[in-house]
Amino acid sequence: MIKYLIFIISMVLSWQAAAIQITIKNTKDEPMANAVVWLTTKNTSEVIIAPDAPYAMSQKNREFTPRILVVPQNAKVEFPNADSIMHHVYSFSKAKTFELKLYKEQPKAPLVFEQTGVVELGCNIHDWMLGYIVVVDSTIFAITDITGKVDLAAPLGEYTLNVWHSGFGDISNVESETVTVNSAPLTYKIKQTITEQIDFATDEFDDY
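Using the numbering used here, read the sequence shown as starting at -3 and increasing by one per residue.
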């Protein structure tokens, strides 16, 4: 009877969600903004259910908005065009190759992102436009703020902490380590040197 009660208690505790703060730092021990952080469980049989409502990667002022979009595997993504001119969005990435030829407003149907990985976006008309869709095998994810922090909620237990940044020399490379989720904050220090992030966007455009 006692063993049974201990088992029940342990099962209840394992399903309790914990709010956890994670801080990401670079090799100089400085806070890393705009790092994608997600937790994956050790249970490889877990099925990730993407929401029915599509995510959106907009084009506004000749830029991708947001510049980095994180979605769970099998999520739908729309590409609304808020500009008065046409865009031609494409990707040659291994995780998703596609082309949305010249269009205004919005393509008719969202795209489904079945494979995990980093999808790099460009525009055939405006070659300075650059964006990323990070497709993850989790529903527990966020992007760090200017202090390098994210706040996540997950059931107590052991996870793989995954970190990605657009400044990685190889953007397909993801850093990871095993962590235990409880109420204690976590800090992860990126091992790779981050390349300088250049913003090619400008407020002065020709009308094209």
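The beta-carbon is built from N, C-alpha and C at its ideal position, and this holds for glycine as well.
| Check | Outcome |
| --- | --- |
| Please report the distance separating the alpha-carbon of Gly163 from that of Gly127. | 12 Å |
| Using 8 Å as the cut-off, can you tell me whether the segment 138 to 152 makes contact with the segment 18 to 37, which would need three or more C-beta pairs spanning the two stretches below that distance? | yes |
| What's the C-alpha gap between Pro151 and Tyr86? | 37 Å |
| Using a Cβ-Cβ cut-off of 7 Å (strictly less than) and excluding sequence neighbours within five positions of Lys92, which residues of its own chain qualify? | Phe109, Gln111, Val115 |
| My assumption, with CB atoms under 8 Å, is that Ala156 sits in contact with Ser179. Please give the rounded CB distance. | Before going further, note that residue 156 is Thr rather than Ala in the sequence given. Not quite, the Cβ-Cβ distance comes to about 19 Å (not below 8 Å), so this is no contact. |
| Under three-state DSSP, which class holds Asp147? | strand |
| Looking at Met53: is its Cβ nearer than 9 Å to the Cβ of Ile129? | yes |
| Please say whether Ile136 and Ala31 have beta carbons closer to each other than 9 Å? | no |
| Assuming His84 contacts Gln55 under a Cβ cut-off of 8 Å, what Cβ separation, rounded to an integer in Å, is found between them? | With a Cβ gap of about 10 Å, His84 and Gln55 do not count as contacting. |
| Going by the DSSP bridge assignment, what does Leu98 pair with across the sheet? | Per DSSP, none; premise fails for Leu98. |
| Is Ile186 helix, strand or coil by DSSP? | coil |
| Between Leu148 and Ile45, what straight-line distance do the alpha-carbon atoms span, to the nearest angstrom? | 18 Å |
| For Pro103 and Glu95, what's the separation of their Cα atoms in angstroms? | 11 Å |
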